[in-house]
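Mapped onto my numbering, the consecutive letters of the sequence shown carry residue numbers 24 to 330.
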Amino acid sequence: MAAGSTTPYLMRIGAEWRDASGGATRPVLNPATGKPFAEVPEGTPDDARAALRAAEAAQPEWEALTGVERAAYLARAASLIRENAERLAQVVVQEQGKPLVEARGEIAGTAGFFDYFTSFARAPMGEIIASDNRNEDIWVRNVPFGVVVGIIPWNYPAALFARKVAPALMAGNTIVIKPHEDTPLSAIELARLLEEAGLPPGVVNVVTGAGTVVGDALVRDEITRLVTVTGSVRAGQQILAAAAKNITVVSLELGGKAPFIVMDDAQIDLAVRNAITARFVNCGQVCTCNERTYVHRRVFDQFLDRY
């Protein structure tokens, strides 16, 4: 890439890779330099609606597949992610800024999520409940929600794509992904690999743009049957409020305040190493990073001296 140039990316909606309906773009900045190195479409509410319609159109055919058939797509996706692991890790580094060793670990985990959810191919999809009436059993069958909206943050742009997409697909749902404005490229690159894996058009869609515009439109639309979010408490509050009108089901994974507790019988050197890792891995941007450290008074001085 020439100095000062940026690489253009497109959104995935249905069978098409396309620009935003309004033609605007948004720069993607390298956090190490603060300079743009790529640009993505600045999606609009019309783009959000188009993606939802594409997902809705793909839903019946995807839902009709057996779990084994859906799992085959996920397995191919996992294989392709591993084949492209180094390139994907470099994308994570460029847009998110974590060290390459951590980015490689994230991509390994991304493939692992797709692998894991293939194991549900033959999982029970319902249950039999005893009835009050003789000669009768009640069969409860679990069915897909339908169109899912997945909103992902910037701290793990590849792994959280997989965390949203793989379970949704395995359960027979189609999905629209809205990546964070700062880190949209991992989602786009993974969507390309899903296309290469043969996934039918419309099953996975990616719309880039502002959360207050694209994300809000996706959450408020009546096509959306489930919203799954990983993000801040504030973002979760806004999304929950937006989903209330249609009483859309919302799954929230929000920022935590995890404690790190060191008892008086702890191995202090090990506790110190783990406390540092738990606080500073991924620059501290992990839902379960320790926000508070409690150390037993008997070992407090030892812990502090070695920290």
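A virtual CB, placed ideally from N, CA and C, is assigned to each residue, including glycine. Computed from a prediction, not measured in an experiment: that's the story for all the values here.
Nearest-angstrom Cα distance between residue i and residue j?
i	j	result
Q77	V230	First, the residue type needs correcting, since residue 77 is Ala and not Gln in the sequence shown. If I take the Cα positions, the gap works out to 12 Å.
E79	R99	24 Å
T235	A264	13 Å
Q261	F140	30 Å
L97	E84	16 Å
R127	T89	33 Å
D138	A189	9 Å
P59	D69	26 Å
A289	N297	12 Å
E159	E150	14 Å
A94	I299	38 Å
G278	W40	33 Å
A43	V124	34 Å
V417	F323	The requested residue 417 is not part of the displayed model; the chain covers only 24 to 330.
A281	I174	23 Å
A47	L33	12 Å
M193	A214	16 Å
K121	I198	27 Å
A191	T133	15 Å
A73	C306	36 Å
V309	L241	25 Å
V237	R243	10 Å
A266	E86	24 Å
R315	I200	33 Å
T29	P64	13 Å
K187	V170	12 Å
State the start and end residues of the unbroken beta strand (DSSP E) segment that holds residue i.
i	result
F283	A281 to V285
E62	K58 to P64
Y317	N313 to V318
How would you write the range of the alpha helix (DSSP H) that residue i sits in, first residue to last?
i	result
W85	P68 to A87
N297	I291 to F303
R93	G90 to E106
Where DSSP assigns a beta bridge to residue i, which residues make up the other side?
i	result
S274	T251
E39	I36
L327	DSSP output for L327 lists no bridge partner at all.
T30	A61
L52	P59
Since I believe residue j is in contact with residue i (beta carbons under 8 Å), could you give me their beta-carbon distance rounded to a whole number of angstroms?
i	j	result
V227	R248	With 8 Å as the limit, V227 and R248 do not qualify as a contact, their Cβ atoms being about 16 Å apart.
P50	E62	5 Å
G66	G232	3 Å
L75	I246	4 Å
G195	P167	4 Å
T253	E219	No, T253 and E219 are not in contact; Cβ-Cβ is about 26 Å, not under 8 Å.
E129	A81	Actually they are not in contact, since the Cβ atoms of E129 and A81 sit about 28 Å apart, beyond 8 Å.
L216	I291	Rounded, the Cβ-Cβ distance is 45 Å, inconsistent with contact.
V116	S209	In fact, because the Cβ distance is near 10 Å, the residues do not count as touching under 8 Å.
D329	V295	Strictly speaking, residue 329 in this sequence is Arg, with Asp absent from that position. Yes, R329 and V295 are in contact; Cβ-Cβ is about 5 Å, under 8 Å.
(message) List, from N- to C-terminal side, the beta strand (DSSP E) runs of 3 residues or more that fit wholly inside the region 186–259.
(response) The qualifying runs are 197–201, 227–229 and 249–254.
(request) Could you pull out every unbroken alpha helix (DSSP H) segment of at least 4 residues lying fully inside the region 109–189, listed in chain order? (result) Complete alpha helix (DSSP H) runs here, min 4: 123–141.
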